[in-house]
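Peer 1: What follows is a single structure, and I will ask about it in a moment.
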Amino acid sequence: MPLDVKSTDWPRLGMRYLLKCLVCGKQYSMFFPRQLCDKCGGILEIIHSGEVEMGALRKDFWSYEPLLPEGEYKHYKLGNTTLLPTSGQDLYLKLESENPTKSFKDRGSVVEIAKALEYGYDEVVCASTGNMAYSISYYAKLGGIRATIFVSRNANWLKIRDIRDTRGANIIRVDGDFTEAQRRAIGYSRRKEAFLTGDYGYRKEGQKTLVCEILAELPDVRNILIPVGNATLFSASYKALMELTKLGLVRKLPRLIAVQASLTDPLVAAFRSDKEVKYQKPLTDAGAIAVGFPTYGDQAIEGIRATKGTAVSVTDKEMEDERKAFYREYGLQVEMAGVASLAAFRKIELNGMSVAVVSGGNTLKP
Ligand SMILES: [Zn+2]
Numbered sequence: 002m003p004l005d006v007k008s009t010d011w012p013r014l015g016m017r018y019l020l021k022c023l024v025c026g027k028q029y030s031m032f033f034p035r036q037l038c039d040k041c042g043g044i045l046e047i048i049h050s051g052e053v054e055m056g057a058l059r060k061d062f063w064s065y066e067p068l069l070p071e072g073e074y075k076h077y078k079l080g081n082t083t084l085l086p087t088s089g090q091d092l093y094l095k096l097e098s099e100n101p102t103k104s105f106k107d108r109g110s111v112v113e114i115a116k117a118l119e120y121g122y123d124e125v126v127c128a129s130t131g132n133m134a135y136s137i138s139y140y141a142k143l144g145g146i147r148a149t150i151f152v153s154r155n156a157n158w159l160k161i162r163d164i165r166d167t168r169g170a171n172i173i174r175v176d177g178d179f180t181e182a183q184r185r186a187i188g189y190s191r192r193k194e195a196f197l198t199g200d201y202g203y204r205k206e207g208q209k210t211l212v213c214e215i216l217a218e219l220p221d222v223r224n225i226l227i228p229v230g231n232a233t234l235f236s237a238s239y240k241a242l243m244e245l246t247k248l249g250l251v252r253k254l255p256r257l258i259a260v261q262a263s264l265t266d267p268l269v270a271a272f273r274s275d276k277e278v279k280y281q282k283p284l285t286d287a288g289a290i291a292v293g294f295p296t297y298g299d300q301a302i303e304g305i306r307a308t309k310g311t312a313v314s315v316t317d318k319e320m321e322d323e324r325k326a327f328y329r330e331y332g333l334q335v336e337m338a339g340v341a342s343l344a345a346f347r348k349i350e351l352n353g354m355s356v357a358v359v360s361g362g363n364t365l366k367p
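Written out as structure tokens, the structure is:
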């Protein structure tokens, strides 16, 4: 290494993808068993050879396996979530709360845990404000490996206790925010030889399937509203659109719209000011998107610009009101961040058919 493999050499080398550092550009083979660059600590992005056979898009999570990093996947039931039309509006709701642990995180966790097992790890570690912990510990338990979770001060303690009691995860509370929990999880992964999971390359790959499913059902969708914490789902959606475009499977690029909490909106601030993403102390009560510095901030900005999308902030009150209205309308309990995209839809003028990603069906309240 560095590899610098020409894509025409990939079949000969038996590789369908390689890993490339988003910071320094160093390349690694698909057999490199970590998610961060050895040289600079940057996040590794999965680059596919592009030699894939994909038929028409379907609403079926595992039909997108050709777009995932080649691996030994157990075909657990997940994804294929309902795309619900709303009455009187050009709006559909993608109900990600239907996933096994009630959020879109499952789409990524299933890929990360498969990779951890393939590389021979017996422990995974991640940082979480709650939903990631649920998802990782669920798939770790299915895979028969241990999970250690660093939780931030603002994490929902009821959720965390439930994860410890029902999933057997090892929970470490951090006196700091999510960014600090993330730093501690990285340190632990190096010291203990545990596979680092979280908002990194393999998770991003699994989360690409969400946009694929939307396009399978609504090929003419014009706007997709996505809640942003670390921006993994957002940048995954952009990556999926680019890959599907190359395969000739997108008719017209939908606009990607990033939604953040007005009390913690570093991405919105960066987009509006046309400056770098800067850390903000997370002050919003919407725990699942209370991230002061989005890991995939730069990629998200690129995705907004490339799709002619935008970034919108919603207040905590708007989310809380939306959450209650959503419960009255649909009988589903979701957390504040889960309906952020729906609150954003009401604030901006959009042309054409829109989809709002609704997540976080967890009913536990602090
Ligand atoms: Zn690097």
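When the sequence shown is numbered by my numbering, its final residue is 367 and no position is left out of the sequence of numbers. Using N, Cα and C, we set each Cβ at its ideal position, and we do this for glycine too.
Roughly how many angstroms separate the alpha carbons of residue 293 and residue 274, rounded to a whole number?
Peer 2: For the purposes of this step, residue 293 is identified with residue 292 of the sequence shown, where counting begins at 1. For the purposes of this step, residue 274 is identified with residue 273 of the sequence shown, where counting begins at 1. Rounded to whole angstroms, residue 293 to residue 274 spans 17 Å at the Cα level.
Peer 1: Compute the Euclidean distance between the alpha carbons of residue 184 and residue 117, then round it to the nearest angstrom.
Peer 2: Translated into positions along the sequence shown, residue 184 becomes position 183. Translated into positions along the sequence shown, residue 117 becomes position 116. Distance between the alpha carbons of residue 184 and residue 117 is about 20 Å.
Peer 1: Compute every distance between the C-beta of residue 361 and the non-hydrogen atoms of ligand 1, then say whether any falls below 7 Å.
Peer 2: Position 360 of the sequence shown, counting from 1, holds the residue named residue 361. Checking every heavy atom of ligand 1 against the Cβ of residue 361, none is found closer than 7 Å.
Peer 1: At what residues does the alpha helix (DSSP H) containing residue 23 begin and finish?
Peer 2: Position 22 of the sequence shown, counting from 1, holds the residue named residue 23. No alpha helix (DSSP H) holds residue 23; DSSP gives it neither H nor E.
Peer 1: Given a cut-off of 8 Å on the beta-carbon distance, is the pair residue 261 and residue 190 in contact?
Peer 2: In the sequence shown, counting from the first residue as 1, residue 261 sits at position 260. In the sequence shown, counting from the first residue as 1, residue 190 sits at position 189. Not in contact: residue 261 and residue 190 (Cβ atoms no closer than 8 Å).
Peer 1: With C-beta atoms as the reference, is residue 308 less than 8 Å away from residue 254?
Peer 2: In the sequence shown, the residue the question calls residue 308 occupies position 307. In the sequence shown, the residue the question calls residue 254 occupies position 253. Taking 8 Å as the Cβ cut-off, residue 308 and residue 254 qualify as a contacting pair.
Peer 1: Could you tell me whether the Cβ atoms of residue 357 and residue 68 are closer together than 8 Å?
Peer 2: Here residue 357 refers to the residue found at position 356 when the sequence shown is read from its first residue. Here residue 68 refers to the residue found at position 67 when the sequence shown is read from its first residue. No, the pair does not count as a contact, with Cβ atoms beyond the cut-off.
Peer 1: Looking at the structure shown, is residue 361 part of a helix, part of a strand, or coil, going by DSSP?
Peer 2: In the sequence shown, the residue the question calls residue 361 occupies position 360. Three-state result, residue 361: coil.
Peer 1: Looking only at DSSP bridge pairs, what is residue 108 linked to?
Peer 2: Indexing the sequence shown from 1 puts residue 108 at position 107. DSSP output for residue 108 lists no bridge partner at all.
Peer 1: What residues does ligand 1 have around it, judged by CB closer than 6 Å to any heavy atom, in chain order?
Peer 2: Per the Cβ criterion, the list is 22, 24, 25, 27, 38, 40, 41 and 43.
Peer 1: Let me know the beta strand (DSSP E) ranges lying completely inside the stretch 210-298, each 3 residues or longer, listed in chain order.
Peer 2: Within the stretch 210-298, the complete beta strand (DSSP E) runs of at least 3 residues are 224-228 and 256-262.
Peer 1: Rounded to whole angstroms, what is the Cα-Cα separation between residue 453 and residue 13?
Peer 2: Any answer about residue 453 is impossible in this case: the structure gives the chain only from 2 up to 367.
Peer 1: Determine, using beta-carbon pairs with one atom in the stretch 169-184 and one in the stretch 204-214, whether at least three such pairs fall under 8 Å.
Peer 2: Short answer: they don't touch.
Peer 1: Per DSSP, what kind of secondary structure is residue 182 in: helix, strand or coil?
Peer 2: As a working note, residue 182 is residue 181 in the sequence shown. Of the three classes helix, strand and coil, the one that applies to residue 182 here is helix, per DSSP.
Peer 1: Once you ignore the five residues that flank residue 366 on each side, which residues in its own chain have a CB closer than 6 Å to its CB?
Peer 2: To locate residue 366, count along the sequence shown from 1; it is residue 365. Reliability of the predicted coordinates at residue 366 is poor, the pLDDT of 47 falling under 50, and no value is obtained from them.
Peer 1: Output the distance between the C-alpha atoms of residue 347 and residue 212, rounded to the nearest integer angstrom.
Peer 2: As a first step, residue 347 must be located in the sequence shown, where it is residue number 346. As a first step, residue 212 must be located in the sequence shown, where it is residue number 211. One C-alpha to the other measures close to 21 Å.
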